[in-house]
Amino acid sequence: MQWGSGLSRHADLNVALDECTASISAQVDDTDAVSFVAVFTSHHFGSEVDALPAAVTERFPNAIVIGCSGSGVIGSGREEEEAPALSVTAGVMPGVALNAFHVTRDRMPSPDAPPDAWHALLGVPPDVRPDFIVLAEPYTTDGDALLAGLDYAYPGAIKVGGLASGGGRFSPHSLVLNGAMLREGAVGVALSGNIVIDSVVAQGCRPIGDPMHITDAEQNMIEALDGMPPMECLQSIYAAASPRDQDLMRHNLFMGIAMDPLELTDAAGGYLIRNLLGVNQETGALAVGALVREGQLVQFHVRDAQTSGEDLQQSLATYLDAAGERIAAGALMFSCTGRGRYLYGKPDHDTDIFRDVVGGMPLGGFFCNGEIGPVAGTTYLHGYTSSFALFRPRTAPD
Numbered sequence: 330m331q332w333g334s335g336l337s338r339h340a341d342l343n344v345a346l347d348e349c350t351a352s353i354s355a356q357v358d359d360t361d362a363v364s365f366v367a368v369f370t371s372h373h374f375g376s377e378v379d380a381l382p383a384a385v386t387e388r389f390p391n392a393i394v395i396g397c398s399g400s401g402v403i404g405s406g407r408e409e410e411e412a413p414a415l416s417v418t419a420g421v422m423p424g425v426a427l428n429a430f431h432v433t434r435d436r437m438p439s440p441d442a443p444p445d446a447w448h449a450l451l452g453v454p455p456d457v458r459p460d461f462i463v464l465a466e467p468y469t470t471d472g473d474a475l476l477a478g479l480d481y482a483y484p485g486a487i488k489v490g491g492l493a494s495g496g497g498r499f500s501p502h503s504l505v506l507n508g509a510m511l512r513e514g515a516v517g518v519a520l521s522g523n524i525v526i527d528s529v530v531a532q533g534c535r536p537i538g539d540p541m542h543i544t545d546a547e548q549n550m551i552e553a554l555d556g557m558p559p560m561e562c563l564q565s566i567y568a569a570a571s572p573r574d575q576d577l578m579r580h581n582l583f584m585g586i587a588m589d590p591l592e593l594t595d596a597a598g599g600y601l602i603r604n605l606l607g608v609n610q611e612t613g614a615l616a617v618g619a620l621v622r623e624g625q626l627v628q629f630h631v632r633d634a635q636t637s638g639e640d641l642q643q644s645l646a647t648y649l650d651a652a653g654e655r656i657a658a659g660a661l662m663f664s665c666t667g668r669g670r671y672l673y674g675k676p677d678h679d680t681d682i683f684r685d686v687v688g689g690m691p692l693g694g695f696f697c698n699g700e701i702g703p704v705a706g707t708t709y710l711h712g713y714t715s716s717f718a719l720f721r722p723r724t725a726p727d
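When you line the sequence shown up against the working numbering, it's residues 330 to 727, in that order.
See below:
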């Protein structure tokens, strides 16, 4: 298995693609053997992007190609958020079967449909043990329903990806599927055979205060924590916090919902991080960005640049310890538009941490409107997150 990645900042898209292709050619033995390409383009190129899918398939004629637009792109282990840029990442994967798909809202199976409906739609049987890369247009896709359906149809399979960015409601984002440029739905690829996709999801938060149980809840409203109004609990945590944490609580406070209470650590890895949406001033109840239920374990979390960097470093180090000698050959990174320069004040922060912790393997990706990745075995749509897919052979090379 070989991977290569290229990033070009050239303002001419054809020249940029030539530069990325040359970079990949220097990293793989034979570009004709490339079977998978992920291409991400910034929004600066305008109508030029319409010709991009055909140009990519011409240069990599035997590859499945997926991609999308981004407010910024990642390639060759670097990040570009402000200037025209193109990222191309390619994999040579012997013994790997790839099935590309395009799902639109009107073709998605209903919530009551059996798993077979998803298998037929994607053309991928579950017994081949596929993992997935998924890219979606945010305004024309119900991301939560899509991910729930994929989890239902392919339990245990890894799904990683992101929502296209850089456009708007009246300026649709671009999706690439082989030689076609699409403007709606979701595209993706199922990979099976001699491949494993390892996922790392760094949500960029750390817990504050103690874990508490929800003792009264309705829909997304937490009415009581350990028998007390949530605002009382929050005020108690605030009073005991350091000045720095008090400042973070005023501006960057989130709720972590434990997905597997038996495997929680001091890190945020076992929690699904969701926004706090508001407070009922009369009852002290809190609205959160997820449905909650009585009995769930939750904990408040805070976030800033330092916390996000430390969380990413710890998440990657934990992955590396677990991986042992099972070395990945390449990776894709799906990072929130709220990270990068916006959060850290400098470029290449997360890619530098990735290289320092995991190594200098080819790394591509883009800055997303939402990041896709698993927490405790269930796939979610995240915010403020860096989600990684690391590709390695299922069996060690001879």
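For glycine and all other residues, C-beta sits at the position ideal for the given N, C-alpha and C.
{"Check": "C-alpha distance - residue 398 paired with residue 568, whole-angstrom precision", "Outcome": "45 Å"}
{"Check": "Residues bridged to residue 510 (per DSSP)", "Outcome": "505"}
{"Check": "Burial state of residue 400 (16 or more Cβ within 10 Å)", "Outcome": "buried"}
{"Check": "Supposed close pair residue 538, residue 628 - CB separation, criterion 8 Å", "Outcome": "7 Å"}
{"Check": "Residue range of the unbroken alpha helix (DSSP H) whose run includes residue 572", "Outcome": "572–580"}
{"Check": "Residue(s) in a DSSP beta bridge with residue 703", "Outcome": "708"}
{"Check": "Inter-stretch contact (C-beta, 8 Å, three-pair minimum) for the segment 353–371 and the segment 687–695", "Outcome": "yes"}
{"Check": "Proximity of residue 701 and residue 490 at Cβ, strictly below 7 Å", "Outcome": "yes"}
{"Check": "Proximity to residue 513 [Cα-Cα], best of 521, 504, 520 and 519", "Outcome": "504"}
{"Check": "Extent of the continuous alpha helix (DSSP H) run through residue 600", "Outcome": "Taken as a continuous stretch (DSSP letters only), residue 600 belongs to no alpha helix (DSSP H), being part of the beta strand (DSSP E) at 600–608."}
{"Check": "Alpha helix (DSSP H) segment containing residue 669, residue limits", "Outcome": "669–673"}
{"Check": "Nonlocal neighbours in the same chain, by C-beta distance under 6 Å from residue 476, ignoring five residues either side", "Outcome": "708"}
{"Check": "Collapsed DSSP secondary structure at residue 596 in the structure displayed", "Outcome": "Because residue 596 carries a pLDDT of 49, less than 50, the predicted location of this residue cannot be relied on, and the following value inherits that uncertainty. Coil, per DSSP."}
{"Check": "For residue 562, three-class secondary structure by DSSP", "Outcome": "helix"}
{"Check": "Residue 337 classed as buried or exposed, judged by whether at least 16 other C-beta atoms fall within 10 angstroms", "Outcome": "buried"}
{"Check": "Alpha helix (DSSP H) segment containing residue 636, residue limits", "Outcome": "634–652"}
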